[in-house]
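Step one of this worksheet: look at the structure below.
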Amino acid sequence: MHHKSRRAVVLGAVALTASLAACSAGEEAAQPAKPASTAAARYATPLADVCPSTVSLQLPWWPQSEYGWAYQLIGPGGVADPETYRYTGPLGNTGVDLEIRSGGPALGGELPLATLYKDDDVLLGQTTTEDSIAGAAEHPSVSVFTFEQKSPLVFFWGADDWDFQTISDIRDAGVTLQAFEGATYLDVLTAKGLLEPGQIDGGYDGTPARFVAEDGRIVSQGIITSEVYSYEHDIPAWDKPVKYVKVGDEYEAYHSEVAIRSDKLDENRACLEKLVPLLQQAAVDYWTDPASTNQVLLDVVDAFEGAWQLSAGLNDFAVEVALKEGIVANGPDHVFGSHDPARLDRFIADVSPALARQGIAVKEGLTSSDIATNEFLDPSIALPEQP
């Protein structure tokens, strides 16, 4: 429940002084602090003449390392609002502000693509390839930047004597996989013969209870930057490492794309030409040196007054494992943020029958160019290649 007594919290040392002064004067709203020097120095492309005065970005979940690139663009000089679960501040030294909107429970479970069509103030929203394909008929969108090359989905287990290397190994062992009922990716994996329908238990509730009760002799779905860490560090009943295989090694959807409504693409082309390279650069900067922005994430979560939990340990682990496992990487063209059109076309062919079985009619003749473009990317921006 939201409480109207909550106030926006300005982050950073200078911001804290301003906030305390505002409180002592009985003011109800804190004013944004000066942009952080790093953001102001690194992200200075003038945007005021081509972009909205506030660029609004709708994310699908709470603040966490996966979205560090967005918070990197503001740094510690923004305002965290515990009423709306938004973080707003100057987008570097570009002349416009960036508003980062939390999603998931903060948005009542609504998909960002739906928000793009319900709220005209939102310019960009995060999507997945599945959602872009499923929404192409009624809520068409075009992804202009993808900040993960592989899905962070994993299948994990705790039995020491299980050593699966692929999803097919799990199939061949005939062990139970607990997962959320109706997930599209499961339908695709079973249709391709990588899993047997009978080994999937769709009654998974997201808790560790059954995993612990069966001493880890069950496979669970999870996220590599979440459960792989939490089971070892945050779940006392387990409190040891788990093993996993990456779903993204055999499932070609992009999990983390930044998209715009298709009918807004042309009118915002001049904005995107200058904005998207800033998204690329911020992502490369974050994944190269995440420490300061990871602190911003912790401070924003703290300002949200218990709505979400995040730890420094999880942030550090998430960055390390995402890079090590190739979740975050350059595209096949060695450009950070790019899509592979051939991969998208293969995935459209893979997922369309699965969506049809769910009663979702895929737009006839849909191709990769309908749902994604690399045209706004700066081809010179790339993450240093991992050893």
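If you count by this note's numbering, then the sequence shown holds residues 50 to 436, one letter each, in order.
The beta carbon of each residue, even a glycine, is placed where N, CA and C say it ideally should be.
Cβ pair residue i, residue j closer than 8 Å
i      : j      : result
THR143 : TYR92  : yes
VAL104 : LEU147 : yes
HIS35  : ALA431 : Any property of residue 35 remains undetermined from this structure, which presents the chain solely from 50 to 436.
SER102 : VAL59  : no
LEU96  : SER151 : no
ILE273 : VAL377 : no
GLU306 : THR178 : yes
VAL291 : TYR280 : yes
ILE123 : PRO112 : no
ASN364 : SER114 : yes
ASP394 : GLN121 : no
C-alpha gap between residue i and residue j, whole angstroms
i      : j      : result
CYS100 : TYR253 : 43 Å
THR94  : ASN317 : 16 Å
ALA262 : ILE249 : 18 Å
PRO339 : GLY117 : 8 Å
THR342 : TRP336 : 10 Å
LEU324 : GLN407 : 36 Å
ASN423 : TYR303 : 14 Å
SER418 : PHE194 : 13 Å
LYS199 : PRO257 : 25 Å
ILE219 : LEU238 : 12 Å
PRO428 : GLY355 : 41 Å
ALA222 : GLU230 : 21 Å
GLY153 : GLN175 : 12 Å
ALA64  : GLN330 : Since pLDDT at ALA64 reaches only 40, below the 50 mark, its modelled position is unreliable, and the value read off the structure follows with that caveat. Cα-Cα distance, rounded: 25 Å.
GLU434 : PHE196 : 15 Å
TYR136 : LEU314 : 25 Å
GLU132 : ALA155 : 10 Å
TRP357 : GLU301 : 30 Å
ALA57  : LEU346 : 15 Å
PRO246 : ALA391 : 28 Å
GLY157 : ILE409 : 22 Å
ASP382 : LEU235 : 29 Å
ALA352 : LYS289 : 31 Å
LYS412 : SER192 : 17 Å
LEU328 : TRP211 : 41 Å
GLY414 : GLN270 : 32 Å
PRO98  : PRO201 : A small correction: the amino acid at residue 98 is Asp; Pro does not occupy that position in the sequence shown. If you take the alpha carbons of ASP98 and PRO201, they lie about 37 Å apart.
THR416 : TRP110 : 28 Å
GLY255 : TYR166 : 30 Å
ASP168 : ALA129 : 20 Å
VAL368 : PRO125 : 19 Å
Residue from the options with nearest C-alpha to residue i
i      : options                           : result
LEU172 : ALA186, LEU404 and SER190         : SER190
VAL268 : VAL261, THR225, TYR234 and THR233 : THR225
ALA361 : ALA403, ASP283 and PRO257         : ASP283
TYR134 : VAL349, SER401, THR416 and LEU359 : VAL349
GLU187 : GLY242, SER311, THR274 and VAL291 : SER311
SER160 : ALA308, ALA405 and ASP130         : A quick correction: the sequence has Leu, not Ser, at residue 160. For LEU160, the nearest C-alpha among the options comes from ALA308.
ASP170 : GLY157, ILE149 and GLY158         : ILE149
PHE213 : PHE196, LEU243, ALA232 and ALA228 : LEU243
PRO285 : GLY251, GLY271, ALA391 and PHE260 : PHE260
TRP437 : ASP264, VAL368, ALA405 and GLY271 : Outside the shown range of the chain, which is 50 to 436, sits residue 437, and nothing can be said about it.
GLY251 : GLN227, VAL370 and PRO125         : GLN227
PRO326 : PHE425, GLY127 and PRO125         : PHE425
VAL370 : GLU413, GLY141 and SER275         : SER275
GLY437 : THR416, GLU322 and GLN344         : The chain is shown from 50 up to 436; residue 437 falls before or after that span and cannot be answered.
GLY141 : THR87, LYS241 and LYS167          : THR87
Whole-number beta carbon distance between residue j and residue i, since they are thought to touch under 8 Å
i      : j      : result
ALA119 : LEU106 : 6 Å
GLU299 : ILE397 : That pair is no contact at about 17 Å.
VAL277 : PHE205 : 6 Å
ALA332 : PHE385 : 6 Å
ALA208 : ARG266 : 5 Å
THR233 : LEU372 : About 27 Å separates the two Cβ atoms, so there is no contact after all.
>> Below 8 Å, how does it come out for the region 169 to 184 and the region 393 to 407: are there three or more Cβ pairs, yes or no?
In response: yes
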